[in-house]
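Below is one structure, written out as structure tokens, with a few remarks after it.
Next comes the structure, spelled out in structure tokens:
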């Protein structure tokens, strides 16, 4: 299983115990950062299905998630609805203020929130979070500032790495994944 590049113990692992809210940037975290524009001006993104499964595991563990993005796109609203992520704040220029808004809306203290971002605009919110994380391909300044750098790049498993790592630190991964891990269907069975 991919995990954090530095496999942090101590302080980040201890803080992970307290996390109940996951706040995610979109471009470069939930996606690979590419913005697709078709001939009609319709925007698209690539989302990774394993990151979606991770959000299901996160909910099964009794946790909540939110999206905080600097850009706005209908496809993000649709993906958030599919994953049952709420609230979704898009078109945000001040991510620190928006992060505080999410915390206030959900009545969560900063030490119970993890934020995952990948670029300079994310640094103010990353500094506020009880646990900060980034994908392997985040910009150097972000990689140096966060508590946790996961093995996978944005849009290719970074969210999955983070969710699994936190849930394992909390001792909740096996229970969240139990339906998938117990009684596997063998070839020829249905």
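Numbering (my numbering), first residue to last: 1 to 190. For each residue, glycine too, the CB sits at the ideal point set by N, CA and C.
Exercise. Looking only at DSSP bridge pairs, what is residue 132 linked to?
Worked result: The count along the chain shown starts at 1 and reaches residue 132 at position 132. Answer is 115.
Exercise. What residue ranges within the segment 3-71 form continuous beta strand (DSSP E) runs of no fewer than 3 residues, ordered along the chain?
Worked result: 21-24 and 64-68
Problem set entry | Three-pair Cβ contact test at 8 Å for the segment 13-23 versus the segment 122-142 | yes
Problem set entry | Identity of the residues DSSP links to residue 148 by a beta bridge | Stepping through the chain shown from its first residue, residue 148 is reached at position 148. Residue 148 is bridged to 133.
Problem set entry | Residues of its chain near residue 38, where Cβ-Cβ distance is below 8 Å and the 5 sequence neighbours each way are ignored | Counting from one through the chain shown, the residue named residue 38 turns up at place 38. Within the same chain, residue 38 has close Cβ partners 44.
Exercise. When DSSP labels each residue in this structure, what does residue 108 get in the three-state scheme?
Worked result: For this step, residue 108 is matched to residue 108 along the chain shown. Reduced to three states, the DSSP call for residue 108 is coil.
For this session: Alpha carbon to alpha carbon, how far is residue 23 from residue 105? Give it in angstroms, no decimals.
Result: To locate residue 105, count along the chain shown from 1; it is residue 105. To locate residue 23, count along the chain shown from 1; it is residue 23. The straight-line gap from Cα to Cα measures roughly 13 Å.
Problem set entry | Where residue 156 falls, given that 16 or more other Cβ within 10 Å makes a residue buried | By 1-based counting over the chain shown, the position of residue 156 is 156. It counts as buried.
For this session: Take the Cβ of residue 81 as the centre, count every other Cβ of all protein chains shown within 10 Å, and call the residue buried at 16 or more, exposed below.
Result: As a working note, residue 81 is residue 81 in the chain shown. Exposed, because fewer than 16 other Cβ atoms sit within 10 Å of the Cβ of residue 81.
Exercise. Taking all protein chains shown into account, do 16 or more other C-beta atoms lie within 10 angstroms of the C-beta of residue 141, making it buried, or fewer, making it exposed?
Worked result: Position 141 of the chain shown, counted from the start, is the residue given in the question as residue 141. Exposed is the call here.
Exercise. Secondary structure at residue 121, three-state DSSP: helix, strand or coil?
Worked result: As a working mapping, residue 121 is identified with position 121 in the chain shown. Residue 121: helix per DSSP, three-state reduction.
Exercise. Is residue 75 helix, strand or coil when you go by DSSP?
Worked result: Residue mapping note: residue 75 aligns to position 75 of the chain shown, counting from 1. It is helical.
Problem set entry | Coarse secondary structure for residue 159, derived from DSSP in three states | Residue numbering aside, residue 159 sits at position 159 when the chain shown is read from its first letter. The answer is helix: DSSP assigns residue 159 an H, G or I state.
For this session: Determine the extent of the alpha helix (DSSP H) in which residue 179 is found, giving its start and end residues.
Result: Locating residue 179 in the chain shown gives position 179, where the first residue counts as 1. First-last of the alpha helix (DSSP H) with residue 179: 178-181.
For this session: Consult DSSP for residue 1 and reduce its assignment to one of helix, strand or coil.
Result: Within the chain shown, residue 1 is the residue found at index 1, counting from 1. Here residue 1 scores only 42 on pLDDT, less than 50, and its place in the model should not be relied on; the value that follows carries that caveat. Three-state DSSP puts residue 1 in coil, outside helix and strand.
Problem set entry | Straight-line gap, residue 89 to residue 100 (C-alpha atoms, nearest Å) | In the chain shown, residue 89 corresponds to position 89, counting from 1. In the chain shown, residue 100 corresponds to position 100, counting from 1. Their backbone Cα atoms lie some 12 Å apart in a straight line.
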